Structure formats: structure tokens, C-alpha cells
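Step one of this worksheet: look at the structure below.
In full-length UniProt numbering, the protein residues as written are 1 to 205.
If you want it as C-alpha cells, here you go:
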């Protein structure tokens, strides 16, 4: 049985984000935060895909696995969200608009639901945007990912490469401000950053 404790505080943009605390994993607690992340997230996560499945839902509502190899030459947006988060619902509209203006050959959006109830999380993710991938994993793995990327509030979007290395921290504001003519431009900048990162680490394969 989960208790729901909600405390909403406006952030600098006047919206209300959901704070993630230790209590969140036995209940749900919300407060405001501007960045959604803490500390330095510029890390290499190693086996970040271990113990998870990447899924997509087709237009018939059928979910099927996505091969991780499909991410090889793409930048990846990890979108941390929850079924109960009103701020996530508002940002979802902006992300949908942004994603409708970009080339998915260069980028993959991966939704990660932080709901404690894994059934609720799966139902929530499988019914969202059909072009986006979503993470199927037990809640302990989701908690590990949140710790890895220093996620302290949602919604949060983190730009990573195929190895889970952070290329840019929370980019919500950048996405929102790029809707329109700049959407493809900003994705091209992210791809260049990915290639630069690959060159620096000798991964030009």
C-alpha cells in the first residue's frame, strides 16, 4: 500500500515539478526544482542497459522489444516521467511537438517511468507516444538509473550516447525553446557532440 504525499512548489519558470526523494519509492512526494538533477552527471555508466528491455508500442497497441543495436549511431533522450506527475503531462505536449519536427534516424526518445507500481508503469508507458521507446525494467533498476543520472525531480530529460554517457544534463528548456525551425538544428548539434565524443574515446566504428 502506497501513501501519496504531495507538496507542490513553483520553480523559476512558474511551473510545478515533482521532487523525487527516498520517500518516493514507498510513497509519492512532490516539490519544485529547476534543473531536476543534482551533482555532476558527466559520467560513463558502463552496463546501463543490463537488466532492462527497450520496448516500442505499435499503432495496434502491441508492445515489442527494440534491438539495442538500433541506438548505435543515435543520440538518446532519456525522459524520466511518472503517471501521477502533472508537470510531466504538461511537458509531454512540448516533447511530442518537438519530436514531430525531428529525424528519428538521428535520435531516440526513451521514456523511463518512476512509478513504484511496475504494472502501472508499464501500462502508462505502453499507451504513450507510438514513435518513442520505453524502458521495461523492475523498479530497483529504475531507482539505479535515477541514482546514476542524479535525478531528483521530474520531468527530466538527459541526453546520452549509446553507452549511457551523459552528453548534456537536463535539456527540458532547450527542447521547449527549439520547437519550430530550430528543432532539427539542435538535434544536429547533439549528433555532432556525439561524434566528437566518439572521436575523443576512439569509438568511430
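Beta carbons: idealized from backbone N, C-alpha and C, even for Gly. Keep in mind that this is a model prediction, so the values were computed, not measured.
Contact check, residue i vs residue j, beta carbons under 9 angstroms
| i | j | result |
| --- | --- | --- |
| residue 109 | residue 95 | yes |
| residue 68 | residue 158 | no |
| residue 52 | residue 135 | yes |
| residue 160 | residue 102 | no |
| residue 89 | residue 115 | no |
| residue 125 | residue 78 | no |
| residue 74 | residue 182 | no |
| residue 106 | residue 185 | no |
Cut-off 6 angstroms between Cβ atoms - residues of its own chain near residue i, not counting five sequence neighbours on either side
| i | result |
| --- | --- |
| residue 14 | Here residue 14 scores only 48 on pLDDT, less than 50, and its place in the model should not be relied on; the value that follows carries that caveat. None. |
| residue 168 | 159 |
| residue 193 | 167 |
Contacts around residue i, its chain only, beta-carbon distance under 8 angstroms, and the 5 residues preceding and following it disregarded
| i | result |
| --- | --- |
| residue 133 | 54, 55, 56, 66, 108, 109, 110, 111 |
| residue 179 | 94, 97, 98, 101 |
| residue 138 | 51, 118 |
| residue 25 | Confidence in residue 25 is poor, its pLDDT being 40 and thus under 50, which makes the residue's placement unreliable; the coordinate value appears in the next sentence. Excluding positions up to five away in sequence, the list reads 116, 139, 143. |
Status (buried if at least 16 other CB within 10 Å, exposed otherwise) for residue i
| i | result |
| --- | --- |
| residue 166 | buried |
| residue 58 | exposed |
| residue 170 | buried |
| residue 130 | exposed |
| residue 91 | buried |
| residue 87 | buried |
Cβ neighbours of residue i in the same chain (closer than 7 angstroms, five flanking residues each side left out)
| i | result |
| --- | --- |
| residue 175 | 94, 95, 98, 157 |
| residue 120 | 83 |
| residue 71 | 108, 162 |
| residue 195 | none |
| residue 141 | 51, 52 |
Continuous beta strand (DSSP E) stretch holding residue i: start and end
| i | result |
| --- | --- |
| residue 79 | 75 to 81 |
| residue 172 | It is not in any beta strand (DSSP E) - residue 172 instead sits in the alpha helix (DSSP H) that spans 172 to 178. |
Endpoints, alpha helix (DSSP H) assigned at residue i
| i | result |
| --- | --- |
| residue 121 | 118 to 126 |
| residue 92 | 86 to 99 |
| residue 146 | 139 to 148 |
Cross-strand partners of residue i (DSSP beta bridge)
| i | result |
| --- | --- |
| residue 55 | 65, 134 |
| residue 111 | 79, 134 |
| residue 168 | 159 |
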